[in-house]
Amino acid sequence: MFFSLAAVEVGEHFYWEIAGFNLHGQVLLVTWLVIAIILTISVLGTKELQQVPKGMQNFVELVFEYLAGIAKDQIGEYEYRPWVPFTGTIFLFIFVANWLGALVPWKLLELPEGELAAPTNDINTTAALALMTSISYFYAGFKAKGLGFFARYIRPTPIFLPINILEDFSKPLSLSFRLFGNVVADEIVVAVLCLLVPLFVPLPVMVLGVFASSVQALVFSTLAAAYIGESIE
Amino acid sequence: MNPIVSAASVIAAGLAIGLAAIGPGIGQGSAAAQAVEGIARQPEAEGKIRGTLLLSLAFMESLTIYGLVVALCLLFANPFAG
Numbered sequence: 103m104f105f106s107l108a109a110v111e112v113g114e115h116f117y118w119e120i121a122g123f124n125l126h127g128q129v130l131l132v133t134w135l136v137i138a139i140i141l142t143i144s145v146l147g148t149k150e151l152q153q154v155p156k157g158m159q160n161f162v163e164l165v166f167e168y169l170a171g172i173a174k175d176q177i178g179e180y181e182y183r184p185w186v187p188f189t190g191t192i193f194l195f196i197f198v199a200n201w202l203g204a205l206v207p208w209k210l211l212e213l214p215e216g217e218l219a220a221p222t223n224d225i226n227t228t229a230a231l232a233l234m235t236s237i238s239y240f241y242a243g244f245k246a247k248g249l250g251f252f253a254r255y256i257r258p259t260p261i262f263l264p265i266n267i268l269e270d271f272s273k274p275l276s277l278s279f280r281l282f283g284n285v286v287a288d289e290i291v292v293a294v295l296c297l298l299v300p301l302f303v304p305l306p307v308m309v310l311g312v313f314a315s316s317v318q319a320l321v322f323s324t325l326a327a328a329y330i331g332e333s334i335e
Numbered sequence: 184m185n186p187i188v189s190a191a192s193v194i195a196a197g198l199a200i201g202l203a204a205i206g207p208g209i210g211q212g213s214a215a216a217q218a219v220e221g222i223a224r225q226p227e228a229e230g231k232i233r234g235t236l237l238l239s240l241a242f243m244e245s246l247t248i249y250g251l252v253v254a255l256c257l258l259f260a261n262p263f264a265g
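As given, the protein sequences belong to chains A and B, one line each in that order.
In this text, residue positions in the first sequence follow my numbering: the first is 103, and each later residue adds one.
In this text, residue positions in the second sequence follow my numbering: the first is 184, and each later residue adds one.
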């Protein structure tokens, strides 16, 4: 029973066919749950705003200040404010998704195919997040500098042109692979340890996984903010 | 699947992770050593050093993770399985 709680299925999906596209249904289900949790907390926390915060509002303000701090450290004092929603949403989404995947015993819910897990263990989710980051740093650069944004491709010298162009492709690639790989690696390590010793031994690794997945949320949003800051400055 | 292809894929998956772990291992070791040195020199900066260290360790770890992604592709989504 313990083994079946932790077994990992890589590459098997619960397909929904919508308008000729095969969608990974299990990912979408958990994604909606993540969105619902974040929305509920933020609506509850901002429903009755008070001068002296208490309860839920206190917690939401703490989270907001932390997220604003991430953007401020990377983008700078004067331009960070419009980008707090973006980097903050990325942080919250990845954080809640990873923790849901690590803490909720999804195996208790049976699907016909595939399994419910963190939505970030599907490369499509992480690739979407990474592409959004690419689009937003291009947008930030164009908005700040117009066509002068392209001058960064020949900096410091025109010899760096191919490397600078390559960097635009390697950034989203590395962002998406890093998140995907970390989440899947945690799941596989836990599954292998559960296969060897089903009781107690996997626990420290599970705790490490919970910690590492929150660090990944921080890394992803820090990098997104750093790329945006780089193209603005 | 062609047995040669599957054997080569399994060996390549092992090598992908093993080789990808060498560099980041060395890098993480020296980063941690420098951080400890920094904390010993300036104990009041411990919080900041620890945060930066964790972040940079995560970056280095991602290099091994790229190897893991390649290994996973070879094992579960082999393009040459045909």
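For every residue, glycine included, the Cβ atom is placed at its ideal position computed from N, Cα and C.
- request: Report the three-state DSSP secondary structure of A:F116 (helix, strand or coil).
  value: For the purposes of this step, residue 116 of chain A is taken as residue 14 along the first sequence, with counting starting at 1. Reduced to three states, the DSSP call for A:F116 is coil.
- request: Residues of the stretch 226-246 of chain B with a CB closer than 8 angstroms to any CB of chain A: list them in chain order, please.
  value: Under the 8 angstroms Cβ criterion, the stretch 226-246 of chain B contributes L237, L238, A241, F242, E244, S245.
message: Please tell me whether A:N284 has its Cβ less than 8 angstroms away from any Cβ of chain B.
response: Here residue 284 of chain A corresponds to residue number 182 of the first sequence, with the count starting at 1. Chain B contact via Cβ: present.
query: Among the residues of its own chain, which have a CB less than 6 angstroms from the CB of A:G127, if the five just before and after it don't count?
result: In the first sequence, residue 127 of chain A corresponds to position 25, counting from 1. Here the set comprises F116, W118.
message: Within a Cβ cutoff of 7 angstroms, which residues of the same chain sit near B:A195, ignoring the five residues on either side of it in sequence?
response: Locating residue 195 of chain B in the second sequence gives position 12, where the first residue counts as 1. Counting only Cβ-Cβ distances below 7 angstroms, and skipping sequence neighbours, we find L257.
message: If the cut-off is 7 angstroms on Cβ atoms, which residues from the stretch 208-226 of chain A count as contacting chain B, listed in chain order?
response: none
query: If you draw a straight line from the alpha carbon of A:K247 to that of A:V294, how long is it in whole angstroms?
result: Counting from 1 along the first sequence, the entry for residue 247 of chain A is found at position 145. Counting from 1 along the first sequence, the entry for residue 294 of chain A is found at position 192. Roughly 51 angstroms separates the two Cα atoms.
query: What did DSSP end up calling A:F105 once you bin it into helix, strand or coil?
result: Position 3 of the first sequence, counted from the start, is the residue given in the question as residue 105 of chain A. The predicted position of A:F105 is uncertain, since its pLDDT is 48 and thus under 50; a value taken from the coordinates is nonetheless stated next. It is helical.
message: I'd like to confirm something about A:R257: is its beta-carbon nearer than 7 angstroms to some heavy atom of the ligand GDP, or not?
response: In the structure on display, the ligand GDP does not appear, and there are no ligands present to speak of.
task: Excluding the 5 residues preceding and the 5 following B:G210 in the sequence, name in chain order all residues of the same chain whose CB lies nearer than 6 angstroms to its CB.
output: For the purposes of this step, residue 210 of chain B is taken as the residue at position 27 of the second sequence. Cβ within range, chain order: M243.
Nearest candidate by alpha-carbon position, reference A:A219, set A:V145, A:A327, A:I196: Stepping through the first sequence from its first residue, residue 219 of chain A is reached at position 117. The shortest Cα separation from A:A219 among A:V145, A:A327, A:I196 belongs to A:I196.
field: Cβ-Cβ distance between A:V198 and A:I237 below 8 angstroms
entry: As a working note, residue 198 of chain A is residue 96 in the first sequence. As a working note, residue 237 of chain A is residue 135 in the first sequence. Annotated as distal: A:V198 and A:I237, with beta-carbon spacing of 8 angstroms or more.
message: Tell me which residues share the same chain as A:I177 and place their Cβ nearer than 7 angstroms to its Cβ, disregarding the 5 neighbours each side in the sequence.
response: Numbered from 1 along the first sequence, position 75 holds the residue referred to as residue 177 of chain A. Closer than 7 angstroms at Cβ, skipping near neighbours: W185, A327, I330, G331, I334.
- prompt: Are the CB atoms of A:L151 and A:Q159 nearer to each other than 8 angstroms?
  reply: Your numbering for residue 151 of chain A matches position 49 in the first sequence. Your numbering for residue 159 of chain A matches position 57 in the first sequence. Taking 8 angstroms as the Cβ cut-off, A:L151 and A:Q159 qualify as a contacting pair.
query: Would B:A191 pass as a contact of B:V253 if the rule is Cβ separation under 8 angstroms?
result: Numbered from 1 along the second sequence, position 8 holds the residue referred to as residue 191 of chain B. Numbered from 1 along the second sequence, position 70 holds the residue referred to as residue 253 of chain B. Not in contact: B:A191 and B:V253 (Cβ atoms no closer than 8 angstroms).
- request: Check each candidate in B:S189, B:A223, B:Q217, B:I248 and name the one with the smallest Cα separation from B:P207.
  value: Working through the second sequence from its first residue, we reach residue 207 of chain B at position 24. The closest CA to that of B:P207, considering only B:S189, B:A223, B:Q217, B:I248, is found on B:I248.
- request: Using 10 angstroms around the beta-carbon of B:R224, count the other beta-carbons present and answer buried if the total reaches 16, otherwise exposed.
  value: Along the second sequence, read from residue 1 onward, the residue named residue 224 of chain B stands at position 41. It counts as exposed.
- request: Taking C-beta pairs closer than 7 angstroms, name the residues in chain B that A:L135 reaches, listed in chain order.
  value: Here residue 135 of chain A corresponds to residue number 33 of the first sequence, with the count starting at 1. Near A:L135 there are no residues of chain B at all, since even the closest Cβ is about 25 angstroms away, more than 7 angstroms.
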